[in-house]
Amino acid sequence: MTPTDRARRAETRVAWLFVAPLVVILLAVAIWPLGRTVFFAFTDAYLDNPSSYEFVGFANFVTVWEDATFWRAVRNTLVFTVVSVGIETMLGLAIALLLHRAFFGRGLVRAAILIPWAMPMVVSTRIWDWMLNDQFGLINKVLVELGIIAKGIAWTADPSLLLGVVIFIDVWVTTPFMVLLILAGLQLIPEELYEAAEVSGVPHWKRFWSITLPLVAPAIGVAMLFRTLDALRMFDLSYVLAANNANTMTMSIYARDQLIGFQDLGVGSAASTWVFLIIGLIAIVIVGLLRLDRPHH
Amino acid sequence: MASVTLKNVSKSFGVYDIIRNVDLEIGDGEFVVFVGPSGCGKSTLLRLIAGLVPVSDGAVLIGGDEVTDVPASKRGISFVFQSYALYPHMNVSRNISFALETARIGKAEIMRRVEAVAGMLKIGHLLERKPRQLSGGQRQRVAIGRALVADPEVFLFDEPLSNLDADLRTEMRFEIAKLHAEVKATMIYVTHDQTEAMTLADRIVVLNHGKVEQVGTPRELYDRPATRFVAGFLGSPKMNFAPTLLTDGRLAGPGGFSYTPGLATGTTVSEIGLRPEALTLSAQPGSDTIESTFERAEDLGHEFLCYVRIGEGLIWTVRGSGAPPAFLPGQTVHVGWRAGNLYLFDRDGQRLDHRPADRVAEEVA
Numbered sequence: 023m024t025p026t027d028r029a030r031r032a033e034t035r036v037a038w039l040f041v042a043p044l045v046v047i048l049l050a051v052a053i054w055p056l057g058r059t060v061f062f063a064f065t066d067a068y069l070d071n072p073s074s075y076e077f078v079g080f081a082n083f084v085t086v087w088e089d090a091t092f093w094r095a096v097r098n099t100l101v102f103t104v105v106s107v108g109i110e111t112m113l114g115l116a117i118a119l120l121l122h123r124a125f126f127g128r129g130l131v132r133a134a135i136l137i138p139w140a141m142p143m144v145v146s147t148r149i150w151d152w153m154l155n156d157q158f159g160l161i162n163k164v165l166v167e168l169g170i171i172a173k174g175i176a177w178t179a180d181p182s183l184l185l186g187v188v189i190f191i192d193v194w195v196t197t198p199f200m201v202l203l204i205l206a207g208l209q210l211i212p213e214e215l216y217e218a219a220e221v222s223g224v225p226h227w228k229r230f231w232s233i234t235l236p237l238v239a240p241a242i243g244v245a246m247l248f249r250t251l252d253a254l255r256m257f258d259l260s261y262v263l264a265a266n267n268a269n270t271m272t273m274s275i276y277a278r279d280q281l282i283g284f285q286d287l288g289v290g291s292a293a294s295t296w297v298f299l300i301i302g303l304i305a306i307v308i309v310g311l312l313r314l315d316r317p318h319h
Numbered sequence: 014m015a016s017v018t019l020k021n022v023s024k025s026f027g028v029y030d031i032i033r034n035v036d037l038e039i040g041d042g043e044f045v046v047f048v049g050p051s052g053c054g055k056s057t058l059l060r061l062i063a064g065l066v067p068v069s070d071g072a073v074l075i076g077g078d079e080v081t082d083v084p085a086s087k088r089g090i091s092f093v094f095q096s097y098a099l100y101p102h103m104n105v106s107r108n109i110s111f112a113l114e115t116a117r118i119g120k121a122e123i124m125r126r127v128e129a130v131a132g133m134l135k136i137g138h139l140l141e142r143k144p145r146q147l148s149g150g151q152r153q154r155v156a157i158g159r160a161l162v163a164d165p166e167v168f169l170f171d172e173p174l175s176n177l178d179a180d181l182r183t184e185m186r187f188e189i190a191k192l193h194a195e196v197k198a199t200m201i202y203v204t205h206d207q208t209e210a211m212t213l214a215d216r217i218v219v220l221n222h223g224k225v226e227q228v229g230t231p232r233e234l235y236d237r238p239a240t241r242f243v244a245g246f247l248g249s250p251k252m253n254f255a256p257t258l259l260t261d262g263r264l265a266g267p268g269g270f271s272y273t274p275g276l277a278t279g280t281t282v283s284e285i286g287l288r289p290e291a292l293t294l295s296a297q298p299g300s301d302t303i304e305s306t307f308e309r310a311e312d313l314g315h316e317f318l319c320y321v322r323i324g325e326g327l328i329w330t331v332r333g334s335g336a337p338p339a340f341l342p343g344q345t346v347h348v349g350w351r352a353g354n355l356y357l358f359d360r361d362g363q364r365l366d367h368r369p370a371d372r373v374a375e376e377v378a
């Protein structure tokens, strides 16, 4: 063994030493509960007495797989995720581009747009629940006054509108987050690139399309990844607005229903494991598409 | 090819006057360097010409046409930025051709132009690389290539070499001079480096606090600076200055400096100036010498720099060729000077023409 080899080994040992506390914490708060969930997914345990159980193989997984309610929840979650993240990205980019321009009071506006994001989801949901109320809600009042509709619409009671309302509230709450992440990306683009394009007569649309968009793409990608993973495990918004209504039930609400509602630790754990696998798969696909695992420079 | 004319151009940002009433005439095909300390407004002046920044007052003319309200892209100019401003996600070839993509010329023609420019700048082998894979000098060449491919009437350079190390700077300076000889376009070049100004310029514009101090050829500015500011700015090492008092027609200064200039009555003189290369050192006092204390010698091989203290807080530089003289720190030495090399400045910093009084008297007689 050469001295450099020895030095490198010593360095590796020190590196592991530094990482060790994190590994221990991760094991305790993430790996262990996850392991327990997967473990219980193979049993017939009930929540009131988890110590008494028998192994039932893949029976719980099959139960969930064959439950139409689960697939309805998966569909709701995917629709919610794709539509809300899509709208939030578009809107976020548009607002970020506006805020990127220097104007009087920009600092104040930047701080103000964070308010929806800073509010607890339960509060935001309740605010909109009231504003959208068919008899007392502000939205209906305004629409009726303007003559757009004849009488109040039951936004939060009509099953066909409910998922749309959930998406609308989520867009209202989380677009600021998108705006800030994309704005940070925009601010990394040197002003001189635009001046160079301006001097050589590159039209505005091409400056946006060929300079802004490619250079802000990594920031948008990361923001979309965050938002997608967040949206896939959404629980609070749907639950506060409509509890376990089938039209807005997400995968997380389904798992909670099995686990808490029906006290079925086995099936609930199996549902949770399915949710984990689905989100994990989507995360891997997105990271692969964005090439986030590769160094950029 | 085009001339550039500035008529009474001013620029203010809020309450700050960055450029004040600049009048300037730059000839067709001329290489003009704007030089001055940081914050003097030289880059702003360049941006006003480019149209990247609108003027607050006055007019800009390119090729005789008023372009004050014409957008940058329609002025027939190219701009080379200090940071190069290369598009980081595009390869060299696309960086050079990007602006041509919307110009309604065929792909083959674009490629032909890119290759011609790349060949001229010796970057033909780098066309597929991204800017981050290039060295500083190569990036600079790409930035120049991007300016060149537009075939502009006027090239504007904003401190293009300041991000390069010394060797590369000398090399690129040579390349830019060669480029000017080849394309014969008008070039305006901003720098804070007086060496770049002296070596590249047909004419130098010295700027100070947003105003033109002096315009002239490098030789004119070096030999006959209009002001103390210009005298101090051009030349490396800098000109030596010392305060002086005029009594009964005779100037007195530190270290026993004495000189009787033939000046018009009522003239004030507040400072004398002597360039380091116009001075000599000797152990013996002479008729025109200043007594000083030897501080330190620097041997640069082909030349030397000696630092001598001629008074409280006044260190002068003496430059000579070959090996430095063998004086010891603390030793008294005598700085020799000649009236022909002496600059006099009045209270407002204006240079005064002068000749020794006895010679003026001889001529009169």
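As given, the protein sequences belong to chains A and B, one line each in that order. Mapping the first sequence onto the working numbering, position 213 (from 1) lands on 235, and the numbers just tick up by one. Mapping the second sequence onto the working numbering, position 162 (from 1) lands on 175, and the numbers just tick up by one. All C-beta atoms, glycine included, are put in the ideal place defined by N, C-alpha and C. Note that the structure is a prediction, hence the values are computed from the model and not measured.
Can you tell me where the beta strand (DSSP E) holding B/S91 begins and where it ends? I90 to V93
Just checking, does the region 262-271 of chain B make contact with the region 298-308 of chain B on the three C-beta pairs under 8 Å criterion? yes
Alpha carbons only, please: which of B/Y320, B/G158 and B/D359 is nearest the one belonging to B/V346? B/Y320
Can you give me the C-alpha to C-alpha distance between A/A241 and A/A118, rounded to a whole angstrom? 12 Å
Counting only beta-carbon separations shorter than 8 Å, does B/A265 have a partner in chain A? no
Since B/W350 and B/A291 are thought to touch, with beta carbons under 8 Å apart, how far apart are those beta carbons, to the nearest angstrom? 7 Å
8 Å Cβ cutoff, A/G223 in contact with chain B: yes
Using a Cβ-Cβ cut-off of 6 Å (strictly less than) and excluding sequence neighbours within five positions of B/R88, which residues of its own chain qualify? G64, I75 and V80
Which of the three DSSP states, helix, strand or coil, is assigned to A/H319? With a pLDDT of only 41 at A/H319, under 50, the local geometry of the prediction cannot be trusted, and no value is derived from it.
Can you tell me which of the three DSSP states A/P25 falls into? helix
Residue-level contact to chain A via CB, B/L161, 8 Å cutoff: no
Please report the residue range of the alpha helix (DSSP H) in which B/H347 lies. Premise fails: B/H347 lies in the beta strand (DSSP E), T345 to G349, not in any alpha helix (DSSP H).
beta-carbon B/G52 near the ligand ATP non-hydrogen atom, thresh 7 Å: Of ligands this structure carries none, so the ligand ATP is not represented either.
CB B/A380 to CB B/F168, shorter than 8 Å? Any answer about residue 380 of chain B is impossible in this case: the structure gives chain B only from 14 up to 378.
Taking 8 Å as the threshold (beta carbon to beta carbon), is B/F168 in contact with chain A? no
For B/V282 versus B/L355, is the C-beta spacing smaller than 8 Å? no
Taking Cβ positions, are B/S51 and B/H205 nearer each other than 8 Å? yes
At the level of alpha carbons, what is the spacing between B/T280 and B/A214? 34 Å
Residue span of the alpha helix (DSSP H) that contains B/P274, given as start and end: First-last for B/P274: undefined, no H or E at that position.
Please tell me whether A/T59 and A/S291 are closer than 8 Å, where the distance is taken between their beta carbons. yes
Mind checking A/I275: buried by the 16 CB within 10 Å criterion, or exposed? buried
Please work out which residues of its chain come closer than 6 Å, Cβ to Cβ, to A/H319, disregarding the five sequence neighbours upstream and downstream, and give them in chain order. At A/H319, the pLDDT of 41 sits below 50, so the modelled position is not reliable; the number obtained from the coordinates is stated separately. Closer than 6 Å at Cβ, skipping near neighbours: no residue.
At a CB-CB cut-off below 9 Å, which residues of chain A make contact with B/T115? G223, V224, P225 and K228
For B/N221, does the three-state DSSP call read helix, strand or coil? strand
CB contact check: B/S86 to chain A, cutoff 8 Å: yes
Which of helix, strand or coil DSSP assigns to B/R364: strand
Please identify the residue among A/V297, A/L205, A/W152 and A/T197 whose C-alpha is closest to the C-alpha of A/A179. A/W152
When we look at the beta-carbon of A/M271 and count the other beta-carbons within 10 Å, is it buried (16 or more) or exposed? buried
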